[in-house]
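Q:
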Amino acid sequence: MHFLRLRFPRVTSLLVLGGVLVAVLLGWTAPAHATGERLVDDYRSVYGTPGVAAAVIDGSSVETIVRGRDGDGNAVTARTRFRIASMSKSMTATAIMLLVDRGRVSLDDPVVKVLPDFRMADPRFTEITVRQVLSHTSGLSISTNNEYVFPPPRGAREIVAGLADKTLAAAPGTRSEYHNTNYSIAARIVEVLSGKSFDTFLRTELFTPLGMTDTSSTLGCSDRAEGLTSGYQVVLGVAVAAPEMPGFCVGNGGVISTLDDMVRWLRFNQGTFGTDLLSAGSLAELHTVQPKADGYALGWRSRPVAAGAPPSVIGHGGTLATWTGDMVFSPKTGVAALVLTNSGGDPSLLSTNLLAERIGAPATPMSNPLTVVNAVLLGLTVGMTALLVTAIVRARRWASRRRAARRPMLVLRLVPLALVTVLSVVLPTPIWGGFNFQYWIVTAWLMPPLALFCLTCSVLGAVALGRRLWCFRRAGQATSAPVRPATADS
1 MHFLRLRFPR
11 VTSLLVLGGV
21 LVAVLLGWTA
31 PAHATGERLV
41 DDYRSVYGTP
51 GVAAAVIDGS
61 SVETIVRGRD
71 GDGNAVTART
81 RFRIASMSKS
91 MTATAIMLLV
101 DRGRVSLDDP
111 VVKVLPDFRM
121 ADPRFTEITV
131 RQVLSHTSGL
141 SISTNNEYVF
151 PPPRGAREIV
161 AGLADKTLAA
171 APGTRSEYHN
181 TNYSIAARIV
191 EVLSGKSFDT
201 FLRTELFTPL
211 GMTDTSSTLG
221 CSDRAEGLTS
231 GYQVVLGVAV
241 AAPEMPGFCV
251 GNGGVISTLD
261 DMVRWLRFNQ
271 GTFGTDLLSA
281 GSLAELHTVQ
291 PKADGYALGW
301 RSRPVAAGAP
311 PSVIGHGGTL
321 ATWTGDMVFS
331 PKTGVAALVL
341 TNSGGDPSLL
351 STNLLAERIG
361 APATPMSNPL
371 TVVNAVLLGL
381 TVGMTALLVT
391 AIVRARRWAS
401 RRRAARRPML
411 VLRLVPLALV
421 TVLSVVLPTP
431 IWGGFNFQYW
441 IVTAWLMPPL
451 ALFCLTCSVL
461 GAVALGRRLW
471 CFRRAGQATS
481 APVRPATADS
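So in the working numbering, spot 466 of the sequence shown is number 466, and the numbers just go up one at a time.
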């Protein structure tokens, strides 16, 4: 690659190597400690999380641990509001089970029976059942239904209508693929059968009876809500308050709650609170792994306490760009753990460790792999910036050498720059499930260092390519200009 043969390769190598060394130093692994408070503090140190609200439920006792600040800089409390993201799915599934208990629907009813307007460009869609929607075995897939559409659809009705020209990736009931649209379909079923908006149904039929007075839901992932501050983006330990990425969250991730309210929610699922709201059989079905669902139940998932161990607990996590959380409980011991955070990270690691610490199981050391990835990406960004700026500055000298060369080989000499430019434009698109330039927005929110690296390479690469071509053309015009003959007077 000719354009890389400059005078700064050693500097660039040192920059990249420095980034890697910083990554190694920053990407330390925190040992598991013996108390919940130390586990929470270790997690915040590893992930740089600005605010955490956690709880461990053991019988009638509840240990709450709050740390850090919210998006306005105020101290996190047990009543601080968090987006709980995909933990919302457990509530959507429960809303469906409430309707099952009331005889309004059966889990094995075809969706078209309760949603006559539901259509897809695939004849197999008529086989999709309510159970398959709730267990992610409907055949819907990111490969045939892009969920990262900007602007996102508003409301469950619009999301369901948008499936009219989509196909299935598999026959219903034959394989599992986690797909948020399934739960937006479930939300629409709730709306149609109840005659209420999804938020109203959750509030009046679920949250209010359970005393979850600070819990509500929104249609969009970034909708404003009373008492909700912004979450954070954290890169290499630096936290910046940031708006949430726009997206459709109705049914699949739109609930906003507090630690106090989520403790009530876990107690309800443990069967020790609100026992008159849902039948014991329906509650048990929510936590039962479904056919072909790869460990998924209905809004919950069976999983192990430690890597390599057999599944023994029930839990569900939630991830948005600026909010993450996790909840888990042991049906055998009754112990439960809950974590809410206002930034990215791996809260399931913390919640599982909190649970493991309480039941005497080994805890898993906590580490943040993105620390290394982000440090390397920032090092590469600095290195590529130096190389491409040098290519731009020296474009005239490069063009003169090419004009003077016996074999300019112009196209071959420009290939490296063209590849850098094109590949950096394309790189963010396949990460999220297919080729779509809208995925640049997703990358900018979820992986800012990668977006910065790609943007730097694409912009500076295009400028370097254009300047080399322009200088090459100017050099040709200069050499081909006619020379005026000398006159006697000169």
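Glycine included, C-beta positions come from ideal geometry on N, C-alpha and C.
None of the values given here were measured: they were computed from a predicted structure.
Could you tell me the boundaries of the beta strand (DSSP E) in which C254 lies?
A: Here residue 254 turns out to be Gly, not Cys, going by the sequence shown. From DSSP, G254 is part of no beta strand (DSSP E); its letter is neither H nor E.
Q: I'd like to know if the segment 329-344 and the segment 46-64 are in contact, where contact means that at least 3 CB-CB pairs between them fall below 8 Å.
A: Short answer: they touch.
Q: Identify every residue that forms a DSSP beta bridge with D58.
A: Note: D58 sits in a beta bridge opposite S61.
Q: Are the beta-carbon atoms of S176 and D294 separated by less than 7 Å?
A: Contact: yes.
Q: In chain order, what residues of the same chain lie with their CB nearer than 7 Å to the CB of K166, ignoring the 5 residues before and after it?
A: If we look at K166 and ignore the five residues flanking it on each side, its Cβ neighbours are M120, A121, T144 and N145.
Q: Extract the residue ranges of the beta strand (DSSP E) inside the segment 223-307, only unbroken runs of 3 or more that lie entirely within it.
A: With a minimum length of 3 residues, the continuous beta strand (DSSP E) runs that stay inside the segment 223-307 are 231-235, 238-242, 255-257 and 301-303.
Q: Using the three-state DSSP reduction, which class does M366 fall into: helix, strand or coil?
A: DSSP places M366 in strand when its eight states are reduced to three.
Q: Within the chosen definition, does the segment 356-369 reach the segment 316-335 through at least 3 CB pairs nearer than 8 Å?
A: With the cut-off at 8 Å, the segment 356-369 and the segment 316-335 touch.
Q: How big is the Cα-Cα spacing for H33 and V46?
A: The predicted position of H33 is uncertain, since its pLDDT is 41 and thus under 50; no value can be drawn from it.
Q: Assign L6 to one of three DSSP states: helix, strand, or coil.
A: Annotation note: pLDDT 33 at L6 (below 50); position unreliable, coordinate value reported separately. Coil.
Q: Rounded to the nearest angstrom, what separates A451 and G461 at their Cα positions?
A: Using only the alpha carbons, I get a separation of about 15 Å.
Q: Distance check for L370 and A309, CA to CA, integer angstroms please.
A: Whole-angstrom Cα-Cα distance: 25 Å.
Q: Any idea what DSSP makes of G155, helix, strand or coil?
A: Three-state DSSP puts G155 in a helix.
Q: What residues are listed by DSSP as bridge partners for V142?
A: Residue 142 is actually Ile in this sequence, not Val. Paired residues: none, contrary to the question.
Q: In whole angstroms, what separates the C-alpha of N246 from that of F150?
A: The residue you asked about is not Asn; residue 246 is Pro in the sequence shown. Spanning the two alpha carbons is a distance of roughly 8 Å.
Q: Mapping DSSP to helix, strand and coil, what is P110?
A: If DSSP states are grouped into helix, strand and coil, P110 belongs with the strands.
Q: Where does G19 sit, in a helix, a strand or coil, going by DSSP?
A: For G19, the pLDDT reaches just 44, beneath the cut-off of 50, and the residue's location in the model is therefore unreliable, although a value from the coordinates is still provided. G19 falls in the helix class under three-state DSSP.
Q: Ordered along the chain, which non-local residues of its own chain (more than five positions away) have a Cβ less than 8 Å from that of G449?
A: Correcting the residue identity first, residue 449 is Pro in this sequence and not Gly. Around P449: V235, V373, N374, L377, L378 and T381.
Q: Using beta-carbon positions only, say whether T341 and T80 come within less than 7 Å of one another.
A: No.
Q: Starting from G325, trace the beta strand (DSSP E) both ways and give me its first and last residue.
A: Note, G325: beta strand (DSSP E), T324 to F329.
Q: Under a Cβ-count criterion, where at least 16 other Cβ atoms within 10 Å of its own Cβ denotes burial, should T204 be classed as buried or exposed?
A: By the 10 Å Cβ count, T204 comes out exposed.
Q: Which residues in the same chain have their Cβ closer than 8 Å to the Cβ of I159, if we skip the five residues on either side of it in sequence?
A: Counting only Cβ-Cβ distances below 8 Å, and skipping sequence neighbours, we find P153, T181, S184, I185, R188, F248 and V250.
Q: Which residues bound the beta strand (DSSP E) around A336?
A: It spans A336 to T341 - the beta strand (DSSP E) in which A336 sits, taken as one unbroken run.
Q: Taking all protein chains shown into account, do 16 or more other C-beta atoms lie within 10 angstroms of the C-beta of R102, making it buried, or fewer, making it exposed?
A: It counts as exposed.
Q: Which stretch, first to last residue, makes up the beta strand (DSSP E) that contains I359?
A: Not the beta strand (DSSP E): I359 falls in the alpha helix (DSSP H), residues P347 to I359.
Q: Beta carbon of L388, beta carbon of M366: below 7 Å?
A: For L388 and M366, no; Cβs fall outside 7 Å.
Q: For V420, report the span of its alpha helix (DSSP H) as first-last.
A: Per DSSP, V420 belongs to the alpha helix (DSSP H) from L410 to V426.
Q: Measure the alpha-carbon distance for P304 versus V313 and round it to whole angstroms.
A: Distance between the alpha carbons of P304 and V313: 6 Å.
Q: Going by Cα to Cα distance, which pick from S88, T352, V459 and L98 is closest to N252?
A: When each option's Cα is compared against that of N252, the closest is S88.
Q: Out of R406, A399 and T385, point me to the one whose CA is closest to F453's CA.
A: It is T385 whose Cα lies nearest to the Cα of F453.
Q: Taking Cβ to Cβ, would you say Q323 is nearer than 7 Å to A85?
A: It should be pointed out that residue 323 corresponds to Trp in this sequence rather than to Gln. Contact flag set, yes.
Q: State yes or no: is the beta carbon of S143 nearer than 7 Å to at least one beta carbon in chain C?
A: No chain C is part of this structure, which consists of one protein chain only.
Q: Given that a residue counts as buried once 16 or more other Cβ atoms are within 10 Å of its Cβ, and exposed if not, what is V393?
A: Exposed, because fewer than 16 other Cβ atoms sit within 10 Å of the Cβ of V393.
Q: Mark P116 as exposed unless 16 or more other C-beta atoms lie within 10 angstroms of its C-beta, in which case mark it buried.
A: Exposed, by the Cβ-count rule.
Q: Give me, in chain order, the residues of the same chain whose beta-carbon lies closer than 8 Å to that of R157; leave out the 5 immediate sequence neighbours on both sides.
A: Excluding residues within five positions, the ones whose Cβ falls inside 8 Å are R188 and E191.
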